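Take a look at the structure below.
Protein chains: 2
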Amino acid sequence: MKKFLVLLLFIAGSSLSVYAQKTIKTLLSPGKTTSVKVGLNKSGEAFYKITYNGATVVDWSRLGIEARGHNFSSGFKLVSAEAGSHDETWKPVWGEESQIRDHYNELRYRLANETDAMTIHFRAYDNGVGFRYEFPAKEKADNITVTNELTEFQMTADHTAWWIPGDYDSNEHVYSTTSISGINTAPYMAEKSIVTQHIVDTYNVQTPLTMRAANGTHISIAEAALVDFGALHLTADPKTLKFKAFLISTSDPAVKSVNTLPFHTPWRAVLLNRDAAGLLGNRLILNLNEPCKLSDVSWIKPMKYCGVWWEMHVGKGTWDYSGSQNGDGFKNGQPSGKHSATTANTKKYIDFAAKNGLGGVLVEGWNIGWENWFNQQKEEVFSFTKAYPDYDVAELSRYAESKGVKLIMHHETSSAVTSYERQMDSAYAFMNQYGYPAVKTGYVGKIIPKGEWHDGQWMVNHYVRVAERTAKYRVMLDAHEPVRPSGLHRTYPNWLACEASRGQEFNAWSKGNPPEHECILPFTRILGGPMDYTPGIFQIEVNQFDPNKKERVHTTVAKQLALYVTLYSPLQMAADLPENYEKRPDVFQFIRDVPVDWDESRALNASVGDYLTMARKEKGKPNWFIGSITDENPRDFTFKLDFLEAGKTYEATIYEDGPDAHYEKNPYPVNIRKTTVRKGDTLRLRLAASGGCAISIMAN
Amino acid sequence: MKKFLVLLLFIAGSSLSVYAQKTIKTLLSPGKTTSVKVGLNKSGEAFYKITYNGATVVDWSRLGIEARGHNFSSGFKLVSAEAGSHDETWKPVWGEESQIRDHYNELRYRLANETDAMTIHFRAYDNGVGFRYEFPAKEKADNITVTNELTEFQMTADHTAWWIPGDYDSNEHVYSTTSISGINTAPYMAEKSIVTQHIVDTYNVQTPLTMRAANGTHISIAEAALVDFGALHLTADPKTLKFKAFLISTSDPAVKSVNTLPFHTPWRAVLLNRDAAGLLGNRLILNLNEPCKLSDVSWIKPMKYCGVWWEMHVGKGTWDYSGSQNGDGFKNGQPSGKHSATTANTKKYIDFAAKNGLGGVLVEGWNIGWENWFNQQKEEVFSFTKAYPDYDVAELSRYAESKGVKLIMHHETSSAVTSYERQMDSAYAFMNQYGYPAVKTGYVGKIIPKGEWHDGQWMVNHYVRVAERTAKYRVMLDAHEPVRPSGLHRTYPNWLACEASRGQEFNAWSKGNPPEHECILPFTRILGGPMDYTPGIFQIEVNQFDPNKKERVHTTVAKQLALYVTLYSPLQMAADLPENYEKRPDVFQFIRDVPVDWDESRALNASVGDYLTMARKEKGKPNWFIGSITDENPRDFTFKLDFLEAGKTYEATIYEDGPDAHYEKNPYPVNIRKTTVRKGDTLRLRLAASGGCAISIMAN
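Protein chains in written order, with the numbering used here: chain A, 41 to 740; chain B, 41 to 740.
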């Protein structure tokens, strides 16, 4: 206890009276791997500390909220500390496994001072800790105006961290890998590679923030169930190695959120694992979310899809009907001849999907408004019920249905969110009318209402509202450019996926995504929920339609296949053009075969930013699929297939990098070999530089 | 011409070359009473001048718009000046007369400079001038960001003006009467009588701004067809007597509006009449609006109504279910027993309406949200589809229908307009489901989206959107706290009325409306469109339920009756409580009889701020109704009934102030007398201090 006292004095900068010591409560996780201590100092300020496997991972750190006219930060006395526990196994509608155990002990640390009351609600899991602030109803109706969150995370060493800058409006940045003390967002501010980016602090980074301690422990600070609040970012202090919570503000920079009592914040989550592979199986964020709110989920179907999309990125066609993507088509309103979302072209994609077992076809550029939409921050740009004259909604609806293919509607809002909200009901009713079961939303550009941010309370509520409203219309949702997910797909399982990170599209028109990018995403962004990354580009050099184009994908083709397993999503695009797939039907076979819903998932190996290998069992079937990817370094891996069912034989088809494959020099060769395997057999994989290996293991 | 040249040099402060003189074009109204001259100075800046009956009423004044990256203000050359004329008689769906003549000559003054093109479109009427700025489409899609309007109105003498301060968020001010040079809004800024007021300029006033010249000419500067633009205010220069246009900004103070080309501004209108009575018959604002956009108007029905409303203002009941109007009812959610919008109470109003031929019953406080709504600037306060537990929507729908009465729904948005827009479709569908043909909207408090203003472009577009969306659902609209109307009810005749000024309600909880108030409204605010003033308060002292209440109505009862004729609206409330009307059935008979739609209207006399007398013929019937009101001064008037049909006899019922009536000392006595009248008969009216006289003249 003496050591603790010294630490608290040092960290919190305040002295502990005997009274304060009495306030200290300890919460242990069910398996006792994780412990949380919480207490008050002499000033009645709350602090907490987390240990994992006997080592302190978050040392004494401040808790509290600042709100106008309220005191949720100091002068507190402990009213009560109520313990509880919970053990439940629940079944997600879809997911990386068919059942998830939610097992924790909890503590409600109830505080009050002369004016206010607040509960800090902790849950301790064997692989992490969640806590949130809860504010009870008052006798008189009341609201709180949150101006700051005081939560801190005192790290105990200068861990390696994978981070993107704390940007109010974008999460589409390339990751940096530094020590905590090396965090510095200045290069991002200087480069301004994202048009809408808004980065204001040199030491501020986004969550989930994943770190590796010297002993291999992986710590990720995240949030769960982000509702009615600004997104949580973290500001590092490079000297003390302490992170302070930073909430994205409302349109008033001094206001972080306004909430009606009773209210609780989203959960603050600290994910804890012995190694990187363990982090890939950590479901703490999902467990901290509310159970499914939808009574009927029978209409929710994970799927693969192709779509009228990549061809516009690579210059084969245009989103707009009468121009060439730069607002030059307004005058005469006549077709340019380059419009991609035509009835005929869409039918080609429908045919392709039907032939190859892809469930859906996304069509972008189908609706009027694309001539003058980008970066204008104006309303009433798009109609979500009016198609261009060359796109026959009724005929395509009929045609798709006749082929057993679902059309996925596209709603680019241009971030004129007010406009979109006005059209939501009519847009979803229109989708119902024409049998579209899914929508891809987009939020490109600065937000309207002006002054609001992609990651602020107003938009956070909007995304949830869209999830609720689409559910009402039995529409599945794929949100692009939203705030990063925080596990809300447990509560709204129609919310299949988000982009909310730097996706494949950057390879079509920017310096692209470095080879390590897909080796970081599963440990950071994807901890919060599935990403619609749009893998599967076979034409690595994207100059197919424009010889001057220098952009390219920074992987081998085999790695593109492996992404279907390593980047989990219930919605996976086969993003390349049908004609590119038709040139390589042997390779495309893996995309035909790979499912999008799983009974079980196992990380066979992993090192953040370097490599990972996932094995997953197809939902309701005995088949397994393996994806293995590496960064710019070639690697050899050997695995024992000890997860297969004993006594069964399987046909494994291995799609591996060709002998001289290299993501820059020779990305195309894919060597395909078949072999019969049984439980316990060993497989050896050779991955090229930024290469990969995809394996289907089909039960005989 | 020499005199003109000197004037132009003086006023515009720039010299006219021979070239500039060649640019001067003159437009005469059909009857030649009004002329407009327009020309360019040496710098290619546009100016105009208006004469009326041979006298200059607007001397050479600047024209132009400032927009980012564009030049719509100088360096112009005259491309062409195209003349035209128009003479049409159109029939409003409802109105002060059954047909309106739209007769004008027009001039399109087409300008171009090195970068931009603009047309200034003038229309000259015998009773005024309209002009607007028109911007053509460009070859490439484009938007303009308007930062300032340069339009000026150079008055030629220090006229008497009736004005309210230029407030971004409210038009509910008491009028001031001063010379132009005496305009000073500082007292309003100091008093802060309106919670949401935002007045920032000492010399800035709202339109319509009505002025009286020494020769009796009445000049009113207004705007027509306010769509997709900030509202027009005017900033006076007390030295030069020049008004400069001032547009209410967007949430960015430097931006007045963002518009997509092609675009035109609303019309700037200068109404011109020889006297105040003439101004009451001036339909310039309506004529400048677009024709009706609705294909079917059969469902649009002017009506009188009563409602569950005034009783909350005077303290008999509450809007909220579980509290007492101050947010104290949140905790237990139990009924306070004071809630007014109950099923039983609403049935009383329905019975009263049915018995007295009132078409509708408004019910406020029927929906959940009133416990914590006021001045919070937060979203999701009200549901527009969920009633309080003591308000049975289905039963009341059935009951009202059985009585032949229509229910008017109330939608208080608390200015959380984003919330309202999300609910519009479901709210109007709910109204359709339960047979509500009309809605009263409310915009109390600061606007969400935060930073937007009641009178800025965003909200201007919202009000129009609500008119369009309600029309789609065949719902009639009465908007409270919107921007002041600008004649859009011609285009959207389901938009029956607006509050948009200081209504009767101020008499219930403030210093109230001075006796002259209702003698100013018809010459200012109501020029733009009908006002839902809610006349008809019989219980002048509002301390009926609270002896401590000192507030009162500042008229006699007879004046309250006369307001049904003097304050034109197709939607007129009988605002007092049924029990107060039932005490005076003889007096109430006038409210039973008076119609709300007219074939013809005549101002028999008028003096702005002093008195006015209107005679109106009931639509489709031979009956006439007269209303006469005065300010704090008693007056005697004598009229010849020369508008009656020759040969017919009529029974006139005269509701006049009792012999000793006085709005403060003795407001209640109403003397009712009946007499048979014929065309050419003379009537003598005696009006008490802030008194009035109402007459029904029913054909035998």
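Beta carbons: idealized from backbone N, C-alpha and C, even for Gly. All values derive from a computational prediction rather than experimental measurement.
Range of the contiguous alpha helix (DSSP H) that encloses residue i
i, result
"A/Lys443", "433–443"
"B/Glu619", "618–622"
"A/Ile390", "383–396"
"B/Asn472", "457–473"
"B/Leu603", "597–606"
"B/Ala230", "226–231"
"A/Ile325", "324–328"
"A/Ile577", "Taken as a continuous stretch (DSSP letters only), A/Ile577 belongs to no alpha helix (DSSP H), as it is neither H nor E."
Inter-residue CB distance, residue i and residue j (contact presumed, cutoff 8 Å)
i, j, result
"A/Leu324", "A/Ala309", "6 Å"
"B/Lys65", "B/Leu147", "6 Å"
"B/Val717", "B/Tyr695", "Their Cβ separation, rounded to whole angstroms, is 15 Å, which puts B/Val717 and B/Tyr695 out of contact at 8 Å."
"B/His238", "B/Asp207", "6 Å"
"A/Asn329", "A/Leu528", "6 Å"
"B/Asp671", "B/Ser730", "6 Å"
"B/Glu539", "B/Met516", "15 Å between Cβ atoms; not a contact."
Boundaries (first-last residue) of the beta strand (DSSP E) holding residue i
i, result
"A/Met449", "446–452"
"A/Val504", "No beta strand (DSSP E) contains A/Val504, which is instead part of the alpha helix (DSSP H) from 497–512."
"A/Tyr165", "157–165"
"A/Gly732", "732–739"
"A/Gly399", "Here A/Gly399 belongs to no beta strand (DSSP E), and DSSP marks it neither H nor E."
"B/Met516", "516–519"
Chain B within 8 Å of residue i, Cβ atoms only
i, result
"A/Gly552", "no"
"A/Glu461", "yes"
"A/Asp292", "yes"
"A/Lys232", "no"
"A/Asp465", "yes"
"A/Val354", "no"
"A/Thr453", "no"
"A/Thr236", "no"
"A/Thr458", "yes"
Heavy atom of the ligand ADP within 7 Å of residue i beta-carbon
i, result
"B/Gly409", "The ligand ADP is absent from the structure shown, which contains no ligand whatsoever."
Min CB distance residue i to chain A below 8 Å
i, result
"B/Gly367", "yes"
"B/Gly491", "yes"
"B/Glu411", "yes"
"B/Asn183", "yes"
"B/Gln416", "yes"
"B/Lys180", "yes"
"B/Val298", "yes"
Cβ-based neighbour list, residue i, same chain, cut-off 6 Å, excluding 5 preceding and 5 following
i, result
"A/Met449", "Met471, Tyr476, Val479"
"A/Glu174", "Thr159, His161, His304"
"A/Pro342", "Trp134, Pro610, Val636, Asp637"
Cβ-based neighbour list, residue i, same chain, cut-off 8 Å, excluding 5 preceding and 5 following
i, result
"B/Ser210", "Ile234, Thr236, Gln237, His238, His494, Glu521"
"A/Ala265", "Pro306, Trp307, Leu328, Asn329, Glu330, Ser526, Gly527, Leu528, Thr531"
Cβ-based neighbour list, residue i, same chain, cut-off 7 Å, excluding 5 preceding and 5 following
i, result
"A/Val337", "Val133, Pro533"
"B/Phe585", "Val354, Gly355, Lys356"
* Pairing CB atoms from the region 335–354 of chain B with CB atoms from the region 393–403 of chain B, are three or more of them under 8 Å? -> Yes, they touch.
* Asked: With contact counted as at least three CB pairs below 8 Å, one residue from each stretch, are the region 290–299 of chain A and the region 242–262 of chain A in contact?
  -> Because the criterion of three Cβ pairs below 8 Å is not met, the region 290–299 of chain A and the region 242–262 of chain A do not touch.
* Just checking, does the region 495–505 of chain B make contact with the region 539–554 of chain B on the three C-beta pairs under 8 Å criterion? -> No, they do not touch.
* **Validate contact between the region 70–90 of chain B and the region 166–180 of chain B using beta carbons, cut 8 Å, 3 pairs** => Two segments are said to touch when three or more pairs of C-beta atoms, one from each, lie closer than 8 Å; by this definition the region 70–90 of chain B touches the region 166–180 of chain B.
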